[in-house]
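Here is the structure we will look at, set down as structure tokens.
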Amino acid sequence: MGSAVRKTTLREIRGTFGRFFAIMAIIALGVGFFTGVRITTPAMVDTVNRFLEEKQLYDYRLISSLGWQEEDIADFKSRPDVRAAEGSYTLDILTAGTNEYVFRAHSITENINGIRLTEGRMPQAPDECIIDRNKDRFPVGTTFTLSDENSDSVKNALKSSTFTVVGIAESSMYINFERGTTSVGNGEINSFIYLPKEAFDLEVYTEAYIRFDQDYTIYSDEYDSFMDGRDKQWESIAQSRADLRYDDIYSEAESKLNDGKNELESKRTEGREKLDSAKADLDNAKSQLDEQLAQLEQIKDVMPEQYASGMEQYNSGLAEYESGLADYESSLADYEKQISDAEADIKNGENDLAKLKKPEIYVLDRNTNIGYACFENDSEIVAQVARIFPVFFILVAALVCMTTMSRMVEEQRTQIGVFKALGYSEGTIMGKFMFYSGLAALIGCVLGYGAGTYLFPKIIWTTYELMYLKLPMHYLFDQKLALIALAVSLICSVGTTWFSCRMELSETAAGLMRPKAPKAGKRVFLEYIGFIWKRMKFLHKVSIRNIFRYKKRFFMMILGIGGCTALLVTGFGIKDSIAGFAEMQYGDIQVADGSASLRNVGDDIPEELKNVLAENTSDYTMLYTGTWDLLYGKKVKSVTVNAAESFEDMDRYFIFKGMDGSTLAPPAEGEAVVSHSIAERYGFKVGDTMKLRDENMRELEVKVSGVFENHVYNLVFMGKDTMEQQLGEKLPVNYSLFNFKSGADASKTSASLSKSSNITAVMVFDTLKERLSKMMSSLDYIVLVVIICAAGLAFIVLYNLTNINITERVREIATIKVLGFFRRETSSYVLRENIALTAIGTAIGLVLGIFVHRFVMAQIRVDMVDFSVRILPKSFIYSIILTFLFTFIVDLFMELKLEKINMAESLKSIE
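Residue 373 in UniProt numbering sits at position 373 of the sequence shown, with consecutive numbering throughout.
Okay, structure coming up:
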């Protein structure tokens with residue numbers, strides 16, 4: 001680029017800084033939004049990956065019905081690619097007290113599934129533990145005791161029944177708020193706790209964890225490739241180790257049984273010999289006594305004195321015989337009982353040995369960890385949005401650059417002609433304009449990339465911290481994304497500049513130095529409607545003609561304003577959809593006033609429980625509820641399964657309404673109805689078969705008979721008889737839905753219900769509704785970001801195009817000022833076109849916003865929540881008002897520019 005060209009370019013930047021800034025700002029906005037939403041998902045994944053990598057989350061969790069021994073763990077550790085293998089104890093325990101809590105107790109591992117201590121210290125004694133983030137209920141120093149409701153196996157598995165909380169921790173196994181499934185209590189795990197291994201009194205580990213020698217990023221293709229094909233390999237390894245354990249147990253039991261049989265035969269023979277010998281001695285003694293008595297009878301009358309003495313000896317011997325006979329009979333009875341008992345024990349041992357089944361093993365990868373699986377889905381929300389929004393901003397940026405540079409080239413026609421006449425090449429001349437737009441794009445790209453990649457992930461991560469661990473968000477620089485952003489920025493600026501310059505430079509120097517003829521006016525469609533056109537004011541006619549005369553500016557304004565309005569509608573629509581879901585859930589769907597978690601009771605409900613419910617509620621129903629794993633593909637998802645005895649009066653507590661508003665029929669035997677979130681997210685539809693599994697690996701298969709509207713939790717409803725038939729056992733009743741009596745105080749009534757020994761927890765749905773509404777209020781950050789981006793888009797487009805419009809018509813405006821137009825009249829003459837274009841763009845934007853909102857809501861999937869897709873009328877009003885407000889603000893700035901136009905400019909008009 002020549003020295004003169006360079007100087008004029010720098011002078012041009014200073015002289016038209018508003019235009020330069022507009023290009024820079026629209027590029028910064030487009031790049032910021034593009035890179036911000038693009039980097040958010042990788043940044044979120046990187047944040048969680050750092051934590052899981054530091055704490056070495058397992059790759060496989062191995063479970064055997066016979067448990068694992070140290071020899072098994074050593075074998076697992078010796079396998080190729082294994083970095084660490086550890087055995088672990090896991091138990092679900094129930095606490096004692098007015099409010100019962102279910103804890104999942106883990107033993108502390110050394111190298112896998114690490115924990116981060118946030119408060120207190122690590123446990124050192126068997127009666128100490130650390131607990132998760134439920135600090136309000138169990139702060140450091142709290143002591144809790146195991147409930148007597150725990151099974152004997154649980155009580156015997158722990159060395160202590162009372163534990164003291166010595167620390168608060170976060171676990172790599174629980175990165176979100178879900179805690180898993182259980183058959184203890186009401187089926188919901190409230191917290192996890194970690195204990196030293198010494199706190200457990202178990203012979204075998206309940207599970208084993210495997211960590212491979214890899215550091216691939218979670219959810220990456222590299223990690224999937226690394227894990228591909230390992231499932232079958234490790235199923236074979238785990239099965240072989242479990243079979244060895246089975247063989248050892250079987251051989252040991254069989255050996256003990258054979259030893260028992262041999263011992264029985266030996267004891268039987270030895271006892272029979274002793275009894276036979278004793279019987280022979282007794283028979284011999286009886287024979288001698290009979291002979292003695294016969295001899296005494298012979299001398300009875302002859303020798304009376306000797307007879308009397310002999311009878312005394314006989315009677316003494318007879319007494320000894322009878323005593324011996326009694327002892328013999330007692331010993332015989334004991335012998336027969338002992339033999340019978342031993343034979344029964346042998347028989348039971350044989351039966352137990354026959355019942356000893358081959359071990360069942362489960363090789364579970366990370367996708368069966370609920371937090372890990374949920375984060376993959378939730379983090380993809382922003383990635384989905386990133387596929388559509390940035391394209392819109394980049395398109396606007398390209399059009400703004402094209403419009404701006406086209407106008408600049410037209411303004412510089414004479415100067416271009418002079419440079420061409422002086423011998424400057426087309427490349428040098430074009431370089432001036434390309435440098436102008438390229439520098440603006442470069443600065444805008446740097447600023448936009450820095451701001452977007454820093455702010456967007458942090459703002460969006462704030463909303464995810466409601467459901468996941470509060471981890472520090474690290475800044476992530478993506479070199480590939482930065483280069484793409486730079487390339488797109490330069491294409492939008494330099495590329496459009498080249499396109500704009502190409503046509504002008506094709507003319508001769510003489511042609512360029514002559515002023516370009518103004519565009520010819522054309523009749524607009526409205527002129528053909530005479531009865532309207534004739535009644536319009538002259539200045540209004542001029543405005544209408546100018547609107548449609550400059551087609552490029554018309555479409556740019558429509559696109560920019562329409563996009564602004566669409567973004568506003570989307571932002572407010574997101575708020576409407578998110579803010580109102582709790583009211584819809586607990587006002588139109590879950591119409592019960594509250595719920596109570598019960599101690600497991602059978603068909604015979606305790607009278608005390610019936611009385612308490614009757615005294616404090618107007619009506620109630622009882623059912624089974626439990627958290628089960630929904631199996632879909634190779635993944636699992638926690639769902640709440642509710643089983644009712646009858647659905648006859650269920651509409652007092654829960655309304656089963658289809659997504660089209662129709663009333664659903666109750667599920668028949670072998671069927672279930674599922675919430676919309678399950679059907680949509682996991683691909684289930686009416687007629688499909690659904691598989692469910694609990695923590696004891698029991699499975700259910702039911703046919704989906706209907707999909708009902710529901711916004712909180714993933715729910716499955718089925719008949720109690722369906723579950724009992726498939727499980728082969730009676731289901732407990734552990735949950736109740738109820739309605740308060742008219743005028744009752746909810747707090748006092750719930751407190752009265754909580755006092756019952758059969759009720760473990762009470763939930764008032766109005767309280768839950770308020771809590772959920774407050775929790776979702778932080779999603780206002782996303783709405784605010786959308787509104788700010790919409791405002792930025794509107795300001796930049798309006799300012800730039802209005803500035804171009806005024807620059808193009810500076811002599812026209814100067815002329816009407818000479819003609820005596822006042823300031824307000826002059827601004828109205830020019831700026832009423834903005835109002836008209838804003839109105840047209842707003843109308844188009846309202847329609848476009850509805851579709852964009854639907855798309856965005858389809859991508860926003862917060863776990864356990866299914867948002868309704870709706871836009872309230874007030875949101876449309878707010879969007880219209882804000883769009884026009886942005887226009888008025890820009891018009892205020894433009895009025896200042898109109899005021900500065902010198903009336904002498906009218907003398908420069910082309911003849």
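Every residue, glycine too, gets a C-beta built ideally from N, C-alpha and C.
Sequence-distant residues of the same chain with beta carbon closer than 8 Å to residue i, five excluded per side
i: Glu426; result: Lys420, Leu505
i: Tyr328; result: Leu275, Ala278, Lys279, Leu282
i: Val82; result: Phe76, Ile210, Arg211, Phe212, Asp213
i: Asn803; result: Gly18, Arg19, Ala22, Met894, Lys897
Residue i, DSSP secondary structure in three states
i: Lys741; result: coil
i: Ile394; result: helix
i: Asp649; result: coil
i: Met311; result: helix
i: Glu273; result: helix
i: Asp629; result: strand
i: Gln531; result: The question names Gln, but residue 531 is Phe in the sequence shown. Three-state DSSP puts Phe531 in a helix.
i: His106; result: strand
i: Ser65; result: coil
i: Tyr713; result: coil
i: Asn176; result: strand
i: Glu207; result: strand
i: Leu700; result: strand
i: Met503; result: helix
i: Glu170; result: strand
i: Ile361; result: strand
i: Ile115; result: strand
i: Met536; result: coil
i: Asn616; result: helix
Short Cβ contact (7 Å threshold) for residue i with residue j
i: Arg698; j: Leu631; result: no
i: Pro359; j: Ser64; result: yes
i: Val409; j: Cys501; result: yes
i: Leu102; j: Val165; result: It should be noted that the sequence gives Val, not Leu, for residue 102. No, the pair does not count as a contact, with Cβ atoms beyond the cut-off.
i: Met503; j: Gly417; result: no
i: Ile346; j: Lys261; result: yes
i: Ile27; j: Ala441; result: yes
i: Leu898; j: Arg553; result: no
i: Val686; j: Val704; result: yes
i: Glu207; j: Thr95; result: no
i: Trp789; j: Phe33; result: It should be noted that the sequence gives Cys, not Trp, for residue 789. Result yes, Cβ atoms of Cys789 and Phe33 sit closer than 7 Å.
i: Thr40; j: Val382; result: yes
i: Asp866; j: His711; result: yes
i: Arg175; j: Cys129; result: The sequence given here has Ile at residue 175, not Arg. No; because the gap between Cβ atoms is not below 7 Å, this pair is not in contact.
i: Phe433; j: Thr497; result: yes
i: Glu562; j: Leu848; result: Per the sequence presented here, residue 562 reads as Gly, with Glu not at that position. For Gly562 and Leu848, yes; Cβs fall inside 7 Å.
i: Val363; j: Leu62; result: yes
i: Lys73; j: Ala85; result: It is worth fixing the name first, because residue 73 is Ile in this sequence and not Lys. Yes, these two residues count as a Cβ contact at 7 Å.
i: Ile589; j: Ile678; result: no
i: Asp221; j: Ala157; result: no
Proximity test, Cβ basis, 7 Å: residue i and chain B
i: Asn696; result: Annotation note: the requested chain B is absent from the structure, which comprises a single protein chain.
Close-in-space but distant-in-sequence residues of the same chain around residue i (CB under 7 Å, 5 per side omitted)
i: Leu455; result: Gly36
i: Glu12; result: Tyr436
i: Leu332; result: Leu275
Whole-Å CB distance - residue i paired with residue j, under 8 Å assumed
i: Ile218; j: Tyr58; result: Actually they do not touch by this definition, with Cβ atoms about 12 Å apart.
i: Arg104; j: Ile189; result: 5 Å
i: Thr883; j: Ala744; result: The Cβ separation is near 49 Å, so there is no contact.
i: Ile796; j: Gly571; result: About 18 Å; that fails the 8 Å criterion.
i: Ile871; j: Ile850; result: 7 Å
i: Ile835; j: Cys401; result: About 25 Å; that fails the 8 Å criterion.
Cutoff 6 Å; reference residue i; Cβ partners in own chain excluding five residues on either side
i: Pro126; result: Lys159, Ser160, Glu198, Ala199
i: Phe138; result: Ile131, Val165
i: Ser618; result: Asn739, Lys741
i: residue 915; result: The structure shown does not extend to residue 915, since the chain is modelled only from 1 through 911, so no value can be given for it.
i: Glu911; result: For Glu911, the predicted structure reports a pLDDT of 45, less than 50, and the residue's modelled location is therefore unreliable. A value from the coordinates is still provided. If we look at Glu911 and ignore the five residues flanking it on each side, it has no Cβ neighbours.
Alpha helix (DSSP H) runs wholly inside the UniProt domain "ABC3 transporter permease C-terminal" (785-890), at least 4 long, in chain order: 810-818, 823-859
Any beta strand (DSSP E) of 3 or more consecutive residues that is wholly inside the region 135-165: 143-145
Contained alpha helix (DSSP H) runs [length at least 4] in the region 26-59, N- to C-terminal order: none
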